[in-house]
Amino acid sequence: MDGDGAIDYAAWARLIDWHIESGTAGIVVGGTTGESAALTEAELQELVRRACEQAAGRIAIIAGAGTSSTATTVGRSRRLSELPIDAILVVTPAYNKPTQEGLYRHFAAVAEAAGKPVVLYNVPARTAVDMLPATIGRLSQLQRIVAVKEAVPGPERVGEILAASREGFVVLSGDDATAREAMLAGAKGVISVTANVAPKAMAQMVAAAMHGDASAAERLDAPLAPLHRGLFFEPNPIPVKWALAQLGRIGHGIRLPLTELSEAPRPALLAAMRTAGTI
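Written as structure tokens, this is what we have:
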């Protein structure tokens, strides 16, 4: 974003090209790191449209569709499905804390309305509700629901989800710090925060883990570990946007209620970026 909060579409196009060049497999448009909660419906549609145009089939495009309202999420999913995207990402409803049955019905309604594959997103640290493996397994029986981004840390949850789900259902890690272990336990990749700042290094680590090369994955992940932590010194995406601004990839724009990274963690984040080889 520009300093006044307007979307910098030129920088957006450059970021997409950078990710393609760096080996990133897919881009989520309008995820948490993209300030999804601060975007208008028109802005989200335009970002997704431009991403599809810029990517031109070179990389998967996943559009963030989740809100805390089932009706709103259904409507957004329908509209986004009209664009040439590969899937929609739907986070569990935040704040209202539905039951497991409520979560099932919410995602079932989205799956029925969507015209694209649906990726569930479970991130209880941000939404205050944990979609349990049994519920994910139940949802995996719906044809349109193909994967879950699971942000509960650790490989144990991966195994529980796979055991509860239909054959071929995909688990993607949503936690960079434990993504390597998750992939070695059966996850098929990571929807990453760290990859926004170090896309090539993350792509290389993921490739090693996906080939089952635990030693190489550990070696490649070690210099990224400080960055995994540093990008959460303050709530995501505050540190990511500041880091990308230091790299000259974007400007310093960010929308309230988020603010620019405070002074205190900046030296440690810069040190983490150096360790990761980004600067």
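Under the numbering used here, the first residue of the sequence shown carries the number 60, and numbering increases by one thereafter. From the three backbone atoms N, C-alpha and C, an ideal C-beta is built for every residue, glycine too.
*asked:* What does DSSP give as the partner residue(s) for ALA119 in the beta ladder?
replied: GLY85
*Terminal residues of the continuous alpha helix (DSSP H) containing LEU303?*
297 to 305
*Do you know offhand how far ARG197's Cα is from ARG135's?*
23 Å
*Alpha carbon to alpha carbon, what distance is there between PRO326 and THR337?*
A direct Cα-to-Cα measurement between THR337 and PRO326 gives close to 15 Å.
*asked:* Please tell me whether LEU148 and GLY174 are closer than 8 Å, where the distance is taken between their beta carbons.
replied: Not a contact, by the Cβ cut-off of 8 Å.
_Here's the rule I'm using: 16 or more other beta-carbon atoms within 10 Å means buried, otherwise exposed. How should THR99 be labelled?_
exposed
*Member of ALA335, GLU293 and ILE309 whose CA lies at the smallest distance from the CA of ALA323*: Scanning ALA335, GLU293 and ILE309 for the CA closest to the CA of ALA323 turns up GLU293.
*asked:* Excluding the 5 residues flanking THR253 on each side, which residues of the same chain have their C-beta closer than 7 Å to its C-beta?
replied: ASP235, MET261, LEU283, LEU286, HIS287 and LEU290
*Which of helix, strand or coil does DSSP assign to ASN255?*
helix
*Would you please state the rounded distance, in angstroms, between the beta carbons of GLY93 and GLY312? I believe it to be under 8 Å.*
That pair is no contact at about 13 Å.
*asked:* Taking 6 Å as the limit between beta carbons, can you name the residues of its chain near ALA193, skipping five residues before and five after?
replied: ALA223
*Within 10 angstroms of the Cβ of ARG333, are there 16 or more other Cβ atoms? Answer buried if so, exposed if not.*
exposed
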